[in-house]
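Right, one structure below, let's go through it.
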Amino acid sequence: MNEEKWKLFLEVARTLNCRGATPLLYGSLGLWHRTGEAIFADDIDVLLPETWLSEQWSAFQTLLQAEDWRLIDAHEHTLKTWRALLLAALEELETFAGVPISEIETRAESGAKYRLLSVKQYLAVYKASAKDGYRVNTRGKKRRGEKSRMLEKLV
């Protein structure tokens, strides 16, 4: 199931690349891709430069809707086709988890350029998430704890 989401992410990444943006694959799908561990991803989490979620949001939304994505939550920047695509600002990563954007690896695969956190950077994100009330209350403590323990073993 993650393989299908991975292919869908690559399609979105190629679309963004054509417009000059390099997305960061985030969340469980990115963690699965980085580690190869048996992690189920519910959705596709992507971080983009903030301008794509503000000044360029309308044009970006139109672009994705032309590819059969539909907006389901404007406040959370969530679109859906057969799977949900959640978008957030890349710039918040440094403030939230202390991960400098300049230190995130950029990769190229299947004609798509994207960013991917290292195991150490993912651990910083999951530790920060454990302290964030919104994420703990809405996304679940158990899964985050399991992922943090797995990452600590891999570091």
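Throughout the sequence shown, residue numbering follows the working numbering, covering 1205 to 1359 in sequence.
We put the beta carbon where it would ideally sit given N, CA and C, even for glycine.
Collapsing the DSSP output to three states places residue 1270 in coil. Distance between residue 1229 and residue 1247, taken at the CA atoms: about 11 Å. Scanning its chain for C-beta atoms nearer than 7 Å, with the 5 sequence neighbours on each side dropped, one finds around residue 1239 the residues 1323 and 1358, in chain order. In this structure, 1251 is the residue among 1251, 1307 and 1351 with its C-alpha nearest to the C-alpha of residue 1281. Around the C-beta of residue 1269, fewer than 16 other C-beta atoms lie within 10 Å, and the residue is accordingly described as exposed.
In this structure, residue 1290 lies away from residue 1330, with their beta-carbon atoms at least 8 Å apart. When the Cα atoms are used, residue 1294 and residue 1305 turn out to be separated by approximately 8 Å.
Non-local beta-carbon contacts of residue 1249 in its own chain, meaning distances under 6 Å to residues more than five positions away in sequence, involve 1230, 1231 and 1290 in chain order. Contact between the region 1303-1320 and the region 1213-1226 is present, with at least three C-beta pairs closer than 8 Å. Taken through DSSP and simplified to helix, strand or coil, residue 1311 comes out as strand.
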